[in-house]
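Student: I am attaching a structure below and will ask some questions about it afterwards.
Chains as they are written, first to last, in the working numbering: chain S, -6 to 129; chain U, 727 to 936.
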């Protein structure tokens, strides 16, 4: 057997193993996070598993100005939803999530702000709590 | 050399299996009966009259000579409907040029889902309103019709959005006989539905249009 093949077999495996383990921990950490679990339970039914939405019916959350913009406003949007009448671009509107606590909404927001290519600073608990106490 | 022969035999065998599988007719589902003359009578879905997103009446007259796929949903549904619609869009696009195929999505919340609401919903999905009809009408008639398609729907205050329904896509032939059930939220199931639709068109439509 040529020397090069022997070397690949000898040294290739540990490299592959490390890469595999790294990938496993990276992905498992993400899908097991509290934010991901909340997202799957309360949002993914409509906004889909990768936040891609559905055509002009359900908005995509990736690169979304609402998701990456003002956290206080987003918190109220999640809690109260949007009636079809008040929904400018999407005819079905969005149901509210009265059952979610301020802490859960904060976790959800921070998860969405850093998923699917999004990148926005985390929101803190007081900001969300104050906003939720004063939703219109 | 022997290896090549063996490989050839195996691939021939596999091809033969695939071909036979494709040639097998789809089952005809539902309760069967026997006529006095001794013929098998299959379950067929009775006629109906509902209104689609453009305000036109849809009945079995509309479906004459066509195979069709049926599902039940409501526009304010927050649970599985968007996933079903994402999958139904795949079916819609696969058969967009095929005038022997119609898709029927019935609302189970007709009080809210008027023609206007369904129209806005269909527009948002960007669908062809001749090929894919979103139907509203008398609630009791829609619920009774669902039973004829052998699925159950209902109102339930505790369910998300207030209604319960399965995520099934139901395939019917041009004689209004049920030919298959598929989970409309599972892409692999919908792949199977599309294969079965091609089979039905190839095997039965050409030989026996009515």
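Cβ coordinates follow ideal geometry from the N, Cα and C atoms, glycine included.
Predicted, not measured: the structure shown is a model, and the values here were computed from it.
Can you name the start and end residues of the alpha helix (DSSP H) that residue 120(S) belongs to?
Tutor: The residue you call residue 120(S) lines up with position 127 of the first chain. Unbroken alpha helix (DSSP H) run through residue 120(S): 118 to 126.
Student: So, under 8 Å CB-CB, residue 813(U) and residue 886(U) are touching, yes? Tell me the CB distance rounded to an integer number of Å.
Tutor: Along the second chain, one-based indexing puts residue 813(U) at 87. Along the second chain, one-based indexing puts residue 886(U) at 160. The Cβ separation is near 19 Å, so there is no contact.
Student: Using a C-beta cutoff of 8 Å, does residue 98(S) count as contacting chain U?
Tutor: Taking the first chain and counting its residues from 1, the one referred to as residue 98(S) is at position 105. By this cut-off, residue 98(S) is not an interface position.
Student: For residue 743(U), collect the residues of the same chain with a Cβ closer than 7 Å to its Cβ; drop the 5 residues on either side in sequence, then sort them by chain order.
Tutor: For the purposes of this step, residue 743(U) is identified with residue 17 of the second chain, where counting begins at 1. Low local confidence applies: a pLDDT of 48 at residue 743(U) is under 50, so the model's placement there is unreliable, and no value is given.
Student: How would you call residue 818(U), buried or exposed, if buried means at least 16 neighbouring beta carbons within 10 angstroms?
Tutor: Start at 1 with the first residue of the second chain, and residue 818(U) comes out as number 92. Classification for residue 818(U): buried.
Student: Spell out whether any CB of chain U is found under 8 Å from the CB atom of residue 39(S).
Tutor: Translated into positions along the first chain, residue 39(S) becomes position 46. Taking Cβ atoms only, chain U reaches closer than 8 Å to residue 39(S), which makes this a yes.
Student: Taking a Cβ distance cut-off of 9 Å, strictly less, list which residues of the stretch 794 to 809 of chain U are near chain S, in chain order.
Tutor: Answer set for the stretch 794 to 809 of chain U: 801, 802, 803, 804, 805, 806, 807, 808 and 809.
Student: If you run the structure through DSSP and keep just helix, strand and coil, what is residue 797(U)?
Tutor: If you number the second chain from 1, residue 797(U) lands on position 71. Three-state result, residue 797(U): strand.
Student: Starting from the beta carbon of residue 83(S), find every residue of chain U whose beta carbon is closer than 8 Å, and list them in chain order.
Tutor: Position 90 of the first chain, counting from 1, holds the residue named residue 83(S). Per Cβ cutoff of 8 Å: 850.
Student: Hey, how far is the Cα of residue 916(U) from the Cα of residue 129(S)?
Tutor: Your numbering for residue 916(U) matches position 190 in the second chain. Your numbering for residue 129(S) matches position 136 in the first chain. Answer to the nearest angstrom: the Cα atoms are 42 Å apart.
Student: What are the residues of the stretch 826 to 850 of chain U that lie near chain S, defined by any Cβ-Cβ distance shorter than 7 Å?
Tutor: Against chain S - using a Cβ distance shorter than 7 Å - the residues of the stretch 826 to 850 of chain U are 846, 847 and 850.
Student: For residue 869(U), collect the residues of the same chain with a Cβ closer than 8 Å to its Cβ; drop the 5 residues on either side in sequence, then sort them by chain order.
Tutor: Taking the second chain and counting its residues from 1, the one referred to as residue 869(U) is at position 143. Excluding sequence neighbours, residue 869(U) sits near 834, 879 and 880.
Student: Show which residues of chain S have a CB atom less than 8 Å away from the CB atom of residue 812(U).
Tutor: Working through the second chain from its first residue, we reach residue 812(U) at position 86. By Cβ distance, chain S contributes 41 and 47.
Student: Any idea if residue 758(U) is buried or exposed, counting beta-carbon neighbours within 10 angstroms, 16 or more meaning buried?
Tutor: As a position in the second chain, residue 758(U) is number 32, starting the count at 1. Residue 758(U) is exposed by the Cβ-count criterion.
Student: Does residue 51(S) have its Cβ less than 8 Å from a Cβ in chain U?
Tutor: Your numbering for residue 51(S) matches position 58 in the first chain. Closer than 8 Å: yes.
Student: Can you find a C-beta in chain U that's less than 8 Å from the C-beta of residue 88(S)?
Tutor: Along the first chain, read from residue 1 onward, the residue named residue 88(S) stands at position 95. So yes, residue 88(S) belongs to the interface.
Student: Applying the 10 Å Cβ sphere with the 16-neighbour rule, what's the burial state of residue 181(S)?
Tutor: Since the first and last residues shown for chain S are -6 and 129, residue 181(S) lies out of range.
Student: Starting from the C-beta of residue 110(S), find all residues in its chain whose C-beta is less than 8 Å away, skip the five residues before and the five after it, and write them out in chain order.
Tutor: Indexing the first chain from 1 puts residue 110(S) at position 117. 55 and 56, listed in sequence order.
Student: What residue from 760(U), 797(U), 920(U) and 751(U) has the CA that sits closest to residue 820(U)'s CA?
Tutor: Translated into the one-based positions of the second chain, residue 820(U) becomes position 94. Among 760(U), 797(U), 920(U) and 751(U), the Cα nearest to that of residue 820(U) is on 920(U).
Student: In whole angstroms, what separates the C-alpha of residue 770(U) from that of residue 876(U)?
Tutor: Counted from its first residue, the second chain places residue 770(U) at position 44. Counted from its first residue, the second chain places residue 876(U) at position 150. Taking the straight line from one Cα to the other gives about 11 Å.
Student: Any chance you could list the alpha helix (DSSP H) runs of at least 4 consecutive residues sitting entirely within the stretch 765 to 824 of chain U, in chain order?
Tutor: Runs found: 807 to 820.
Student: Tell me where the alpha helix (DSSP H) around residue 30(S) begins and ends.
Tutor: Start at 1 with the first residue of the first chain, and residue 30(S) comes out as number 37. Where residue 30(S) is concerned, the enclosing alpha helix (DSSP H) stretches over 27 to 35.
Student: Return the residue from the list 84(S), 74(S) and 46(S) that minimises the CA-CA distance to residue 92(S).
Tutor: Looking up residue 92(S) in the first chain gives position 99. Cα-wise, what sits closest to residue 92(S) is 74(S).
Student: With a threshold of 16 other CB atoms inside 10 Å of the CB of residue 81(S), please say whether the residue is buried or exposed.
Tutor: As a working note, residue 81(S) is residue 88 in the first chain. Burial call: exposed.
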